[in-house]
Structures are given as C-alpha cells and as structure tokens.
Amino acid sequence: MHRKLPPLPHLALRSSSTSSSASPPPPRRLPPPVPLRDLLAHRLPPPQTPPSRSPPPVHPHAGLLLPRRGEEAAPERLHLELVKRGLTHDLFLSNHLVNLYAKGSRLAAARQVFDGMLERNAVSWTCLVSGYVLSGITDEAFRVFKAMLWEGSEFSRPTPFTFGSVLRACQDAGPDLLAFAVQVHGLVSKTIYASNTTVCNALISMYGNCSVGLPLQAQQVFDTTPVRDLITWNALMSVYAKKGYVVSTFTLFMAMLHDDSAIELRPNEHTFGSLITATSLSSCSSGVLDQVFARVLKSGSSSDLYVGSALVSAFARHGMLDEAKDIFINLKERNAVTLNGLIVGLVKQHCSEEAVGIFMGTRDSFVVNTDTFVVLLSAVAEFSIPEDGLMRGREVHGHILRTGLIDLKIALSNGLVNMYAKCGAIDKASRVFRLLCARDRVSWNTIISVLDQNGFCEGAMMNYCMMRQGCISPSNFAAISGLSSCASLRLLTAGQQVHCDAVKWGLDLDTSVSNALVKMYGDCGARSESWEIFNSMAEHDIVSWNSIMGVMVSSHAPTAESVEVFSNMMRSGLTPNKVTFVNLLSALSPLSVLELGKQVHAVVLKHGAIEDNAVDNALMSCYAKSGDMDSCEQLFSSMSGRRDAVSWNSMISGYIYNGHLQETMDCVWLMMHSNQMLDCCTFSIVLNACASVAALERGMEMHAFGIRSQLESDVVVESALLDMYSKCGRIDYASKVFNSMSQKNEFSWNSMISGYARHGLGEKALEIFEEMQRNGACPDHVTFVSVLSACSHAGLVDRGLDYFEMMEDHGILPHIEHYSCVIDLLGRAGKLLKIQEYINRMPMKPNTLIWRTVLVACRQSKDGDRIDLGKEASRMLLELEPQNPVNYVLASNFYAATGRWEDTAKARAAMGGAAMKKEAGQSWVTLGDGVHTFIAGDRSHPNTKEIYEKLNFLIQKIKNAGYVPMTEFALYDLEEENKEELLSYHSEKLAVAFVLTRSSSDVPIRIMKNLRVCGDCHTAFRYISQIVCRQIILRDSIRFHHFEDGKCSCGDYW
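Here the sequence shown is numbered in the UniProt record's numbering, starting from 1 and rising by one per residue.
Shown next, in the form of structure tokens:
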C-alpha cells in the first residue's frame, strides 16, 4: 500500500503565502527517483544534452586559403587561383589576399587588389591601413584612414583594430602628428568603442610613447577604461618605466596584483620587462633590481629572451658588470637587443674597450642590427686612446659596409661621423658626411658640433649656413655650436643671425642656448647685449653665472662688478664650481690685491675645490700677480704629483711677472728634468719673458731647447722666436726664422711687420704687409697697428693715411689704437691741425692714450699752435686720470720743453702733493755674469768709480768731436752747467760706459731702457758709436736705435 507523502515545509509555506485562495495547492510532480546504482557510485546523472546548434556556415572556397603540405601561404598562389576561378570579386577572399600582401610588405600589390575590389568592408580598409603602419609608411596609412571615413558606408566604419593601427602610427611618428592623434581620440569617443579595451590600450601606448611623452594623459585613459586586461596594465607600466618613474611603475604593478575587478592577472615577460627597465633608467639602488630579479626567477621567466635582455641591460647600467655578463652567457637564446644592452652598460661604466671586444667575440653568433652598430660606434668613440679607437672604428666601419646597412640607415652614418671625430680623424668624419645620400637634423648637428669642438669654426659656420639653406630647422645643439663658432671667430653679425634663428624656432627659451648667447655676445665685445640676454632668462643655472662672469673677465670689467656677480650667485643658492672660481680669480688678478685673493682662497677651501688643478693654477696666477711668490711656491709644492703643463707655465709666468728671470730659467730646467714635456705654450711664455728684458742669450738657450724638443717647427714656437729675436735687437735672426717658416699665421706676419717697424725699417715692414696680402692672409686690427706704427717711425705720412683708410676695405673698424697711431704719425710730421681734425672725426671719445699721444706731439712740435693744443691735452689727461703720475710727468715735460717753468713746477708739485711717484728711468745690460741695471746718477754699482771715469772720458772725447749737450732736454730750471751734469749721467750713458769697461771686442753693445730715450742721449750715442768703433743697439719703450759710425737707423726721426 502506497503512503502519500506530506508536502515539504518550505514549499507549503511558499504556497500559503502566495496563493490567492484558501484551497490547497495542487500536488507538485516530484522528480523521478534516482537509480540505486547511481547513488552508490556517488554520481549524478549526466545533464540533458542541450539542443544542437547549427555550425557557422563555411565559405565554399575556404579550402583555397589552406597552404599545401610543405609550402607556406603564398599570396601570389592564392591570387592566381582567384583569377583562374573568377573569384577576384569575392569580398572574403579579397580581404584575405590584401592582408597577406600587406603583412609581407607587398604594399603595391595589396593596394592593387584593394583598388580592384567592387565591394569593401571595414576589414578591407583595416588590412590595408595596418599594412602601411607595419611597413612604417604612416603618411599613406593616414590617407587611407581618411578615405575610409569619407566613404561613410555602414559597412566601412572603423573597428577597434582600425583605430589601434592608426594610433600606433601616431605613436611612432614625430610630434607633428600628436594633434592628429588627439583628433582620432575625439573620433573614438563618439563611437561605441570609447570603452573598448583594445582601443584604450592603443590610446595609452600612444600618449605614453609619443615623441613628447604624455604620461598624465595615458593615466587618464587608463582610469576611464572599464575592463582592464593584462595588456592595459603592461601598457601603462611601460609608459612609466620608459620615463624612469620607478615608484609609479612599482605602485602600478602592486595595484595590478591586488585588482579584484577581473580574473587574476599574472605578470608576464612584458610586465617584468617594464619593471626592469624602470630600475635601469632610474637612480634607485641595485637592491630593487635584485628583488625584481628574484621575482623573475620565481616566475620562471629568466630564460625568456625579452626579460633576459632587459636584465643584462639593467645590471650593466647599474655597474654590476659581472652579473650582466653571467646572465648574457647563460641565456639559451641571444639576439642583437641582448648584445646592445650589454654594450650600452659597459660604455656607461667607461669600459668601451671591453664592449668592443665582446662584440668581436660574438659577432658571428647572431645577426646584429642597426642599433648594435650605432651603440658600438659610440663605444669606439669613448676609447681612452684615440689611436686604438680609430683602428677599431675602421674595423666596425668595414662590418657596416659588408652588411649594406650604411646606405639604408642614416643613424649609422651619423654614428660614423661622431666616431671619427672623437678619435681625432676630422677629415674622415667630414668625408663620411659629404658622402651621405640623405641628411637629417642629427647629421647636421653632429658635423657642426664636431667641427666647432675641434676648432674648425669656419667649417662649422659654413655647414650651419648650408643646413639653413636646405630649409632644415636648427636644433638647440646646432644653435649652441653655431654660437660657439661665432664667438671663437668674433663674428658678431653671424652670431646675431643664429640668435634670430633661435628666437624664430623657440630655442632661446632653452637655458643652454641662452648661456651660449651670453658667451657669444661677450666674446664679440657686445657686453651690454650679454647682460640683456642674461637678465631676460627665466632661470639661471651655474653655467649662466659662469658665462656672465667670463664675459666680465674678458671685457676687463671692474673687479668689484665681478665680485658682486659672484655674491649674487651665492645668494641664489647655487654652489660654485671650478669654472666659477677660475673666472673669479682671473677677475682678481689684474687688481693685484693680496687680501682679496686670500679670501677667495678660503672660499675655495670651504667648497673643497682645492684639489682641482684648474683652480690651483688660477690661485697661483693670482698670488703671482699680487707679488706673493712665497704663497705661489707653497701652492706649487703642494701640487707635487699632479702638476700639469698649465701648472708649470703658471709658475714660470709668475717668476717672469715679478722679474725673476734666473728663477724662470731654473724652473724651466726643473720642468725638463721632471718628465714634463715642454709644450709650445711654455716656450712661448719663456721666450716672451726673454723678449721683455731683451735677454738674447737666454732666448737662444730656449731656441736650443725647442730644437731638442722637436718643437722648432711649431707655428706658435716659431712666432714666439721671431718676436723674441726682434725685441732683442736681432732683426736679422728674426727674418731668418720668418723665412724658414713652412706655415705662417696672423701672429707671425704681425710680429715681422712690427719688428721691422720697431727697428726703423718702415719700407721693409710695408713690403711684408704687401706680401701678406699676396699670400691670402687676412690682416686684422693688430696688423694695421703695426703698419701705421711703421709709417709713423719712417715718416711716411701719406702712405700711413692711405693704409688707415684701407681698413674699411678689409671690414675692420678703426679702434682707439689706430687713431692713436695716426695722431702719432701726424704729430711727428708736425701737422697739429690735422690732429685736431682726426680727433673731431673719431666715433668714440678720446681716452688717455689719445691725449698722451697729442701731448707728446705738442712737445716735439715747433708749431705755434702747440701751446693751446698741449694745454687742452694736459687738462683732459689730468681730468680723466688724476691719480696717474705718468700724466703729470708728460704735462711737466711739455711745459719744460716750451719754457713754461712755472707750469712745470706746478705739475710736479701737484704730483708730489698727491703722494704719487713717477716711474724711474732705468737701463740694463745683460752680460755673462747676469743683468746689470742703472738709474740716472746711480752710484750703487760695485764698479761705480770705473764707470764714471769711463763716462767722463767719453763725454770729453765726443765733445771734442763736435757733441754739444742739448740742455733743452733737462727738465728742471737750472743753470746751464747743472743741466749738462744732469744730462751726462742718464742711465743709458752709465750702461754704455759700464759695458766699455768690461769688454773691448767688436760685439754690438745692447742696452735696454724702460722709458723713451731723450734727444741728448740719442745724439751722444751717435758720437760714441763713431769714437769706439762699435755698434750700439738701444731699445727704448718705443723702438730700436741702431747706432753705427755716427749714424742711427731712425735717421734722427723717432
């Protein structure tokens, strides 16, 4: 008997609550009982089979798309079959054919098929767009995309894949396409794909990886993406990693691991690659990299080629070269990217030689790419020994030529230009550049910078002009190099043109470009423009302050201004560097204030810059200019073991400046015996010192040193030798050196011209000037000073004025020195009215140099107008420089020459009242036992008795020969007898008497005087040379006088 089961409680309760009547609900049908065997087996019965769905329809000709066995899918075979079967208008098959051609970079064929299609849909357009993007032909990809939009068909609307391809093209292109990419983003936002994950991923990559890099916009797209997959997270992490934002990258990584909005996301090789890249590009500690490496090992991704390459690069960049090389060796698979990462890291750690060695050992293991050669060339350029780098560079160049990449990749050519330049082969760098089929901005930047940095400033400016003629906009690097070349060449007009380019292209907003502008204007003499640029800068870095201080030093600005600039820089919070201290010490040197130099020394010690050679050398120079040779020697001694050529030259210059010629030669001798090679600068300094005191024998010793050092053919040394012989009275030796020079520079020509002018050989000086022009050498302002001086000493008034007018033909504006020479020329000829005309036409105000020249001319002239002009010159001199004793002496001499003894007394009284002391006239001669110095009326010499006896004898002899003392050169109002006594014991007369007491040979007597020789001594020397039958060579502050047989080389016109 069957028993009726009661209803289940919960069902009864639900029935009572939901029923609308009081009658009980109808009984529910129970499920069929489960078979016992199924219960015992603990299994449920299989679910009921769902109704079968019909499979999607298969294209009737889909079999054509399957490749034959053993063959790859060939678009040509498929295309032939479609033509044979008349299926060329089938949309599905045509789309597939377009896709095959596009993926194989057969874009012409793909476009031909596409254009022949009677019907197109979104797939058709997307395949063609993606093909152009994959091949890097972005312009055509954009044109096809725009045509797709213009078609406006319902079946041709862009898909997420279309937008992804277009955005990828914008990402790879330059900054000009950023605006177009933003327009595409706006178009996406109006479609149903605004929240599509694929499109959002493409937008993140585009914003983050575009040329300007917009991580904030990429983050905004990421935040608005509703569904994020692993690609989304990796895309944003890659953006932050490439920027070096290590904190943001790792924060995003942790957020991905704890994201609950989707299925669990596990990091893949791209995730780890971003983490590793972030650590390699940042300054974080190597411990972070070790942690990432541990996680990579735990995940089993260490053998992945992409991750392994990133690890090699990261460890190498952090200086962990052993770990990088271990990973590189243990990788099962390596490619060019792996090698590139290791080479870049080695170069960064200054192991360029090892980097090239690794390439040479692994070059046959895999195919290297363009980036490998570019990195390798940069490694060769950093070799410590340029000759070794040049040899390796040629090998790499050979590899590049064998691969055939040099004609395809302009980056390789740019790298070759840089490599050859860094290795010192400027001619090869220029040749590679000339052979370039195409040049981009990097090419022009490289050659312009190379030529500028190696001193070929004319070539740098020529290439800059060619770049601009090719309508290529300059970069900040090109502008900086162009400005540097203009500064070196003192081409203010060209520098202003580069400045205009910088303003036009917005480069002047770059601090580095502004710094270059400050230096260019300063070096070209436009100090006010330098200050204007400096004051207009939005911010100043340490280079900015150093540049403006350098401008002040080069323009000889008052020292107080330089100190004020330094104080302002310190108040701005910047820390001075060695360039700052060198500039400051250079500004202090002319002031010769010892206490101020010691204060700067203290600041140097405070900032720890004392161990720097450049600063120490500048300190030595400052102490030497202040006369504190003890401190200079102490500093020099503390530099033992790290002295360079500049240190030795600074010490030698200090001895020279303080008149210690013997210590100078001792220092040169010590330098030669301390394994420090004498360079051309050392020879130039010592030879100039010999020239300044007319130490001919010492100068000839240096000439011998130069021959032993194989520097006698150096143009700098030859020019210094020429100048030394000229100033020591051996113009014949100077001429031999000049004629033997294989290469002559402007200094050589100028020295020879001024040498002949100084020796009174005006016609010969002008012949050299004409020869200079015939040889194509361009005269500068120094040349014309020498030419005008030669005309002045030779009395060539008309020719001198012609040369003065000729300056404009050479593009040289007359300086104050040229006007001084013209006034001296006219003054010697007694043309005082002409002097007034030239003073009135001067574009600048006359300075003390002009008025001194006028006063000397008035003193020598016999013109009646000389009194008024001389008084005016005297007044202006004392007004401009009331504390300079030279001005009072000149005024006193002028009044004495004109017989105005009251005014003479007033001038001398004014000088005495101001506690000023005139420079004493002194003469000196150099004999075998050293230098002997004399002043007027000097009785301190050990041989005074013999000297005065000899001098009195000479005076008596020359009087008998017709000599009459020229008492008008006695500058005191005394009796004639007393005036004669004063004139008799001038310093040059004592010097010649001394030499005659020591030597009776026929060797010329060489006497040097610090002031101008007076007329009486000049006349006396003519007689003495005739009586003693010896040549007397007298060098005063103006020129040389060669006395022989009673005549002087100046023709009594000096």
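Glycine included, C-beta positions come from ideal geometry on N, C-alpha and C.
Values in this document were obtained by computation on a predicted structure and should not be read as measured data.
Query: Proximity of ARG1006 and ASP1036 at Cβ, strictly below 7 Å; Result: no
Query: Cβ shell of residue 1059 (< 7 Å), same chain only, five flanking positions each side left out; Result: The first residue shown for the chain is 1 and the last is 1054, placing residue 1059 beyond what the model contains.
Query: Bounding residues of the alpha helix (DSSP H) (the contiguous stretch that carries VAL925); Result: From DSSP, VAL925 is part of no alpha helix (DSSP H) but of the beta strand (DSSP E) over 922 to 927.
Query: LYS422, enclosing alpha helix (DSSP H) - first and last residue; Result: 410 to 422
Query: Neighbour-count burial assignment, SER726, 16 or more Cβ in a 10 Å radius; Result: buried
Query: LEU412 beta carbon less than 7 Å from that of ILE400; Result: yes
Query: Inter-stretch contact at 8 Å, needing at least 3 Cβ pairs: the segment 145 to 155 / the segment 106 to 117; Result: no
Query: Test item: CB-CB of ARG758 and PHE383 under 7 Å; Result: no
Query: MET876 versus LEU619 - alpha carbon distance; Result: 38 Å
Query: Separation of MET651 from CYS667, as counted between CA atoms; Result: 8 Å
Query: Beta-carbon contacts of ASN454 that lie in its chain and below 6 Å, excluding the five residues immediately before and after; Result: ILE426
Query: Delimiting residues of the beta strand (DSSP E) encompassing PHE1043; Result: 1040 to 1044
Query: Reduced DSSP secondary structure (H/G/I, E/B, other) of CYS210; Result: coil
Query: For THR933, the three-state DSSP class (helix, strand or coil); Result: strand
Query: Exposed unless 16 or more other CB atoms sit within 10 angstroms - verdict on MET806; Result: exposed
Query: LYS243, DSSP secondary structure in three states; Result: helix
Query: Reference LEU687, options ILE707, MET724, ASN658, closest by Cα; Result: MET724
Query: Nonlocal neighbours in the same chain, by C-beta distance under 6 Å from VAL367, ignoring five residues either side; Result: none
Query: Strand pairing of ILE1032, partner residues [DSSP]; Result: ILE1005, PHE1043
Query: Of the listed residues VAL503, ALA538, LEU339, nearest to ALA324 (C-alpha basis); Result: LEU339
Query: Through-space distance from CYS437 to SER124, alpha-carbon basis; Result: 37 Å
Query: N- and C-terminal bounds of the alpha helix (DSSP H) containing SER562; Result: 559 to 571
Query: Local conformation of PRO25 per DSSP, three classes; Result: Here PRO25 scores only 46 on pLDDT, less than 50, and its place in the model should not be relied on; the value that follows carries that caveat. Coil, per DSSP.
Query: DSSP three-state assignment for CYS1050, whether helix, strand or coil; Result: coil
Query: Meets three-Cβ-pair contact criterion under 8 Å: the segment 83 to 97 and the segment 128 to 143; Result: no
Query: Where SER742 sits in the DSSP three-state scheme; Result: coil
Query: Proximal residues to PRO160 (C-beta, below 6 Å), its chain only, five neighbours per side dropped; Result: TYR193, ASN196, THR198, VAL199
Query: Whole-number beta carbon distance between ALA790 and GLY762, since they are thought to touch under 8 Å; Result: 4 Å
Query: Completely contained beta strand (DSSP E) runs for the segment 141 to 227, where each covers 3 or more residues; Result: none
Query: Straight-line gap, ALA609 to GLN599 (C-alpha atoms, nearest Å); Result: 14 Å
Query: Minimum C-alpha distance to GLY357 - residue among LYS332, ASP388, LEU331; Result: ASP388
Query: Inter-residue spacing [alpha-carbon to alpha-carbon] between PHE953 and HIS1042; Result: 22 Å
Query: Limits of the alpha helix (DSSP H) - the one that LYS625 falls within; Result: 613 to 625
Query: Span of the alpha helix (DSSP H), counted from its first residue to its last, around LEU877; Result: 866 to 880
Query: Reference SER674, options ASN658, ILE656, ALA689, ASP644, closest by Cα; Result: ASP644
Query: From ALA169, GLU269, LEU305, residue whose alpha carbon lies closest to that of SER299; Result: GLU269
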